[in-house]
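S.K.:
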Amino acid sequence: MESAIEVLDLVTYYGERKILKGISFSIPTGMTTVIVGGSGCGKTTTLKHLIGLLRPASGSIHIHGKDIATMDDTSLDEYRKKMGVLFQGAALLNSMTLAENVALPLREHTRLKGSVIDIIVRMKLDLVGLSGFGDFYPAQLSGGMKKRAGIARAMAMDPVILYFDEPSAGLDPVTAAGLDELILRLHQVFKMTVVVVTHELPSIFKIADYVIMLDKGEVAFVGTLDEFKKSDKTIVRTFLERRPEEESYSPDNYFKIITGA
Amino acid sequence: MKIETAAHSDYTVISIAGEIDMYSSPELRDTLLALVKKKAATVIVNLKDVKYIDSSGIATFVEALKKMLAYKGKFKMAQVPDRVMEIFNFSKLDKVFNIYGSIEDAANS
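Chain order of the listed sequences is A and B.
Per UniProt numbering: the first sequence = residues 1 to 261.
Per UniProt numbering: the second sequence = residues 1 to 109.
This is the structure we're talking about:
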């Protein structure tokens, strides 16, 4: 299995707090890999490293053979042109129409003529089911439509890797299922490497080929979706069976925490 | 990307090899728009040796088709590789372009 992304011994801190504690994993080329785990496990922080928004304290992140952890800003910008990201809140620019949002990366990073860009924009909006909405502003759209528009913009430059940060967050189950279906279809047709951060079980079962589970800043599981479903690891079973975690500290410890003792 | 142009008596064949991407498609656009400017009656684009085409390549073809239709010119595609055809199908472009199995079929249609 060829790897698109190789993460080795990644360590990062927010202030004094160690968030990622030396995690290592590979993400296979051309597959949909889902990074899962409970809230605060380090999923989004890991994603921010993969897209070069954060630099690790130590460790390496090889993407198609190049270490982006040590890359200079110019090279990192080049790498970013080959990837697309759908952020949690879609991150559309509210003062621009959908068409202008989707066109933005093409106008910034290519020398394509306006007439060609206009056609690409219409194609991308159609891909995500938003034909005819090019002149709408983000504030005029529903949550699901904003996510779709975010995907259209993420796909504007024909990325080889597409990242999704909690695509279903804040969506009703039907809209979320529609978005999963879209991710699946885009992946099947364009054969991109897709990386999705989520904790939604229906999404994981629908779209994942490969699963990486994080827990408290460490890798708890890596394997195929089938292996994930069959795993007898306690942490995986707890997650899949939606069991609440046990209290991690005793009443005595809690007293010390709230009194600052 | 390499582009070869072969002018025949009643049609022109544009054979493209390699990758049509954001960097190379402006050159393809120049070639196609030069033919549009001359109001070429029939243009056949041979995609047999195309390894990859991105959205900018597809958009360039769409623009050429639109401009040729304006003066009733014919824009045809021949020998579209399966991988490219899959993208055309998904984007419903198989319904937009006239696609043929061979240059001869395209020329005789």
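Here a beta-carbon is modelled for each residue, glycine too, at the ideal position from N, C-alpha and C.
Can you list, in chain order, the residues of its chain whose CB lies under 8 Å from that of B/Val62, leaving out five sequence neighbours each side?
M.R.: Hits under 8 Å: Leu93, Val96.
S.K.: Determine the DSSP secondary structure at A/Glu200, reduced to helix, strand or coil.
M.R.: Coil at A/Glu200, not helix or strand.
S.K.: What are the residues of the segment 21 to 34 of chain B that lie near chain A, defined by any Cβ-Cβ distance shorter than 9 Å?
M.R.: The residues in question are Asp21, Met22, Tyr23, Ser25, Pro26, Arg29.
S.K.: Name the chain A residues that come within less than 7 Å of B/Ala59, Cβ to Cβ?
M.R.: Chain A residues near B/Ala59: Val116, Ile119, Ile120, Met123.
S.K.: Could you compute how far the alpha carbon of A/Leu179 sits from the alpha carbon of A/Phe164?
M.R.: Computed Cα separation, rounded: 11 Å.
S.K.: Please list, in chain order, the chain B residues whose beta carbon lies closer than 7 Å to that of A/Arg111.
M.R.: Chain B residues near A/Arg111: Pro26.
S.K.: Can you name the residues of chain A whose CB is closer than 7 Å to the CB of B/Asp54?
M.R.: Result: Asp158.
S.K.: Between A/Tyr13, A/Thr29, A/Gly30, which has its C-alpha nearest A/Gly22's C-alpha?
M.R.: Minimum Cα distance to A/Gly22 is reached at A/Tyr13.
S.K.: Say whether chain A places a C-beta atom closer than 9 Å to the C-beta of B/Glu19.
M.R.: Chain A, which has no Cβ nearer than 9 Å to the Cβ of B/Glu19, makes this no.
S.K.: For A/Leu93, collect the residues of the same chain with a Cβ closer than 8 Å to its Cβ; drop the 5 residues on either side in sequence, then sort them by chain order.
M.R.: Taken in chain order, the residues that qualify are Glu100, Asn101, Leu104, Pro138.
S.K.: Are A/Lys124 and A/Arg80 closer than 9 Å when you measure CB to CB?
M.R.: Contact: no.
S.K.: Taking C-beta pairs closer than 7 Å, name the residues in chain A that B/Val62 reaches, listed in chain order.
M.R.: Within 7 Å Cβ-Cβ: Ile119.
S.K.: Taking B/Ser15 and B/Asn46 to be in contact with their CB atoms under 8 Å, please state how far apart those CB atoms are, rounded to whole angstroms.
M.R.: That pair is a contact at about 4 Å.
S.K.: Could you check whether the Cβ of A/Asp73 sits closer than 9 Å to any Cβ belonging to chain B?
M.R.: With 9 Å as the cut-off, A/Asp73 does not count as an interface residue toward chain B.
S.K.: I believe A/Pro167 touches A/Leu86 by the beta-carbon criterion, under 8 Å. Please report the beta-carbon distance rounded to the nearest angstrom.
M.R.: Yes, they are in contact, since the Cβ atoms of A/Pro167 and A/Leu86 sit about 6 Å apart, within 8 Å.
S.K.: Between the segment 18 to 27 of chain B and the segment 54 to 61 of chain B, do at least 3 Cβ pairs fall closer than 8 Å?
M.R.: Contact between the segment 18 to 27 of chain B and the segment 54 to 61 of chain B is present, because at least three Cβ pairs lie under 8 Å.
S.K.: If you compare alpha carbons, which of B/Asp21, B/Lys67, B/Leu69 is closest to B/Val50?
M.R.: With distances taken between Cα atoms, B/Val50 lies closest to B/Asp21.
S.K.: Please list, in chain order, the chain A residues whose beta carbon lies closer than 7 Å to that of B/Ser102.
M.R.: Here the premise fails: no neighbours, minimum Cβ distance about 26 Å.
S.K.: Using only the alpha-carbon positions, how far apart do A/Thr259 and A/Ser250 sit?
M.R.: Looking at the two C-alpha atoms, the distance is approximately 14 Å.
S.K.: Measure the CB-CB distance between A/Ile212 and A/Val34 and report whether it falls below 9 Å.
M.R.: A contact, by the Cβ cut-off of 9 Å.
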